[in-house]
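Protein chains: 2
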Amino acid sequence: MNTFRVIILGAGSAVPTLHRAASSQLLQYNSTYILIDCAEGTQLQLKKRKISPMRINHILISHLHGDHYFGLIGLISSLHLIGRTQPLQIFGPPQLSDILQLQLKASDTNLRFSLLFKPLSETPLQQIFNDKQFEIFAFPVLHRIPTWGFLIREKIQELNILHEFIDAYHPDIESIHAIKKGADFYGQNGTVIKNHEITRPQPRIRSYAYCTDTAYHEPNIEIISGANLLYHEATFMGSLSREARMTFHSTTLDAAEIAKKAGVNKLLLGHFSSRYNDLEPLLIEARQIFRNTELAMDGEVFEIE
Amino acid sequence: MNTFRVIILGAGSAVPTLHRAASSQLLQYNSTYILIDCAEGTQLQLKKRKISPMRINHILISHLHGDHYFGLIGLISSLHLIGRTQPLQIFGPPQLSDILQLQLKASDTNLRFSLLFKPLSETPLQQIFNDKQFEIFAFPVLHRIPTWGFLIREKIQELNILHEFIDAYHPDIESIHAIKKGADFYGQNGTVIKNHEITRPQPRIRSYAYCTDTAYHEPNIEIISGANLLYHEATFMGSLSREARMTFHSTTLDAAEIAKKAGVNKLLLGHFSSRYNDLEPLLIEARQIFRNTELAMDGEVFEIE
Numbered sequence: 133m134n135t136f137r138v139i140i141l142g143a144g145s146a147v148p149t150l151h152r153a154a155s156s157q158l159l160q161y162n163s164t165y166i167l168i169d170c171a172e173g174t175q176l177q178l179k180k181r182k183i184s185p186m187r188i189n190h191i192l193i194s195h196l197h198g199d200h201y202f203g204l205i206g207l208i209s210s211l212h213l214i215g216r217t218q219p220l221q222i223f224g225p226p227q228l229s230d231i232l233q234l235q236l237k238a239s240d241t242n243l244r245f246s247l248l249f250k251p252l253s254e255t256p257l258q259q260i261f262n263d264k265q266f267e268i269f270a271f272p273v274l275h276r277i278p279t280w281g282f283l284i285r286e287k288i289q290e291l292n293i294l295h296e297f298i299d300a301y302h303p304d305i306e307s308i309h310a311i312k313k314g315a316d317f318y319g320q321n322g323t324v325i326k327n328h329e330i331t332r333p334q335p336r337i338r339s340y341a342y343c344t345d346t347a348y349h350e351p352n353i354e355i356i357s358g359a360n361l362l363y364h365e366a367t368f369m370g371s372l373s374r375e376a377r378m379t380f381h382s383t384t385l386d387a388a389e390i391a392k393k394a395g396v397n398k399l400l401l402g403h404f405s406s407r408y409n410d411l412e413p414l415l416i417e418a419r420q421i422f423r424n425t426e427l428a429m430d431g432e433v434f435e436i437e
Numbered sequence: 133m134n135t136f137r138v139i140i141l142g143a144g145s146a147v148p149t150l151h152r153a154a155s156s157q158l159l160q161y162n163s164t165y166i167l168i169d170c171a172e173g174t175q176l177q178l179k180k181r182k183i184s185p186m187r188i189n190h191i192l193i194s195h196l197h198g199d200h201y202f203g204l205i206g207l208i209s210s211l212h213l214i215g216r217t218q219p220l221q222i223f224g225p226p227q228l229s230d231i232l233q234l235q236l237k238a239s240d241t242n243l244r245f246s247l248l249f250k251p252l253s254e255t256p257l258q259q260i261f262n263d264k265q266f267e268i269f270a271f272p273v274l275h276r277i278p279t280w281g282f283l284i285r286e287k288i289q290e291l292n293i294l295h296e297f298i299d300a301y302h303p304d305i306e307s308i309h310a311i312k313k314g315a316d317f318y319g320q321n322g323t324v325i326k327n328h329e330i331t332r333p334q335p336r337i338r339s340y341a342y343c344t345d346t347a348y349h350e351p352n353i354e355i356i357s358g359a360n361l362l363y364h365e366a367t368f369m370g371s372l373s374r375e376a377r378m379t380f381h382s383t384t385l386d387a388a389e390i391a392k393k394a395g396v397n398k399l400l401l402g403h404f405s406s407r408y409n410d411l412e413p414l415l416i417e418a419r420q421i422f423r424n425t426e427l428a429m430d431g432e433v434f435e436i437e
């Protein structure tokens, strides 16, 4: 099975603490690395986990509150200083490009690598990346300033043909390509063998959804429906639902409700208010509504299964 | 004696490491706190030292290379979130204001406190702050982009009158004010007592000079002449003088030479290249030229004596 996992670099909110970094996570799909959000200090979080920032292929920035992007210019500068030449693709709110360019200009920096910036649009669902292995979608969530959620979904891979079939029928190269793509086998004597009889079962298509910062927002349920893993913010406990509404954030109950209605496999809570030292009560509360819930803690790795 | 000390928050350069933060230090003069430079992660460095950022009165930014200011916008945002209302004075390169404003606008933040920004000018020596206790000067140093050094100098305080004199002569309130300012005492019977006989010796006026990032630059020797403590960058050892020249940085030998020629009391080396894990050789090298040299290490406190 292809590697598909998320490494939590920070799941705090707003003001960073010594024990909980603000938003950043690294999504790995085989050898492709996608950084999602990049709070101040993200480059040190990577160093702590012994992950070279050179590995990062794409960066997704959800919105322009500092706890989601203030570490980006520092990361870019460091990549320049340590000699990156490979292009870096960034997806983010339109103004992000101006902010980066102004700072690069002020430091008189001519990057050694191409910074490919693609602004996110207000389209309800926008495919922003697509290759042989997976695709990435962006969709607006509900926050105080324009903010996007992301859905990363793997693609149907070519099927694996059973060795026993090849040994018995010696199919030609054209037939092999067709079978890998799902075709049945047509033998010389008119025999037809169904594709599912001569290929290994296709693993289920997996997807990962990232929703922060956002208030409880039902319109996105369909988009993230059936995701294997949903990272959803839970800044507050249920008792602070008024604060959540006022600041366009979610409570643990909101996050669990969305997970339940979207029928995801697992829910990962994050973006915790710094008022909570012990996060266990948040977990207990969410599990009352959605049992398969976990807490995103700095440094933890979650396989997308 | 008035408290006058510098707390090193970071003395690394360029790419931050887990063991050495990039440039930032906090200068304390009695109850006034001046932050000099503010690399990414400075707010966490303050947290580590249990220093509330609310205490900071002024911020000086030397130049717009990221390892000297990328933590500023995060610090400002955190001050806003934790409820600062007291104005914050920032001195820095002119473009810094645009960079901060663009980011505050993008996050739709209306600060609860006044951000008073004063751009530094290219004047050879500019007094940028002046109160009863001390004054601050900025002066251009020699770097790849416009960069300023800073000199913080305490003022002559009022003199302390000896108790024995007051008990013997019972001077009136006007005479007391005059003596505190340095006047002699004129008695009723025509006696004159010299000021130095009836006051405690005035402590020597102390000053602190900050020079980073800069190549070896003799024109500033006069400005920092006689400083009690000089923080001077020493990015490289003497063997890398070519790299130092090319990048407009200094070697340990350059820093020591400047300290010697300026006749300062003590030299503090900083802005070390991340290639040096062990800094002892840099210290030994500098001491060959200027004996009273120390290394600026994260978390250390240096009294200005």
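Those sequence lines, one after another, are chains A and B. Each residue of the first sequence is one higher than the last, beginning at 133 in the working numbering. Each residue of the second sequence is one higher than the last, beginning at 133 in the working numbering. C-beta atoms are modelled at their ideal positions from N, C-alpha and C, and glycine is treated no differently.
For the beta strand (DSSP E) holding residue i, just list the boundary residues, first then last.
i	result
G206/A	Note, G206/A: premise wrong, no beta strand (DSSP E); alpha helix (DSSP H) at L204 to L213.
K398/A	K398 to G402
K250/B	L247 to P251
G431/B	Here G431/B belongs to no beta strand (DSSP E), and DSSP marks it neither H nor E.
Y408/B	Segment: none, Y408/B is in no beta strand (DSSP E) and carries neither H nor E.
Q157/A	S156 to Y161
H190/B	I188 to L192
L141/A	F136 to G142
I222/A	L220 to G224
For residue i, does the three-state DSSP call read helix, strand or coil?
i	result
K237/A	helix
P413/B	helix
E350/B	helix
A366/A	coil
D199/A	helix
R419/A	helix
L257/A	coil
D230/A	helix
T174/A	helix
I356/B	helix
List the whole-angstrom C-beta distance separating residue i from residue j, where the pair is believed to meet the contact cut-off of C-beta under 8 Å.
i	j	result
A391/B	F434/B	Not a contact, Cβ separation roughly 14 Å.
L356/B	A341/B	The sequence given here has Ile at residue 356/B, not Leu. About 4 Å; that satisfies the 8 Å criterion.
A171/B	G203/B	5 Å
N189/B	I166/B	7 Å
F271/B	P251/B	In fact, because the Cβ distance is near 15 Å, the residues do not count as touching under 8 Å.
L232/A	I208/A	7 Å
N360/A	I436/A	5 Å
L399/A	H364/A	6 Å
S210/A	P185/A	7 Å
I277/A	H381/A	Actually they are not in contact, since the Cβ atoms of I277/A and H381/A sit about 13 Å apart, beyond 8 Å.
I308/A	D316/A	Rounded, the Cβ-Cβ distance is 13 Å, inconsistent with contact.
K180/A	L150/B	7 Å
R332/A	L294/A	7 Å
P314/A	L283/A	Per the sequence shown, the amino acid found at residue 314/A is Gly instead of Pro. 24 Å between Cβ atoms; not a contact.
Residue range of the alpha helix (DSSP H) that residue i falls in?
i	result
T379/B	S373 to T379
E389/B	T384 to A394
Rounded to whole angstroms, what's the CA-CA distance from residue i to residue j? Just pull it up for me.
i	j	result
I222/B	Q259/A	43 Å
G142/B	I311/B	44 Å
S405/A	H200/A	14 Å
K264/A	Q175/B	42 Å
I168/A	I191/A	6 Å
F368/A	T383/A	5 Å
I268/A	L427/A	24 Å
R244/A	H212/A	6 Å
A238/A	T279/B	12 Å
D240/B	D345/A	15 Å
Q420/A	N409/A	21 Å
A153/A	F136/B	33 Å
L158/A	I140/A	7 Å
I298/A	G395/A	40 Å
N289/A	L178/B	What sits at residue 289/A in the sequence shown is Gln, not Asn. Each residue's Cα considered, the two are about 50 Å apart.
R216/B	S229/B	19 Å
G431/B	P351/B	31 Å
A146/A	E306/B	56 Å
D304/B	H328/B	18 Å
M133/B	Q334/B	10 Å
R374/B	M429/B	25 Å
Complete runs of the alpha helix (DSSP H) confined to the segment 263-348 of chain B [at least 4 residues]: 295-301, 305-312 and 327-330
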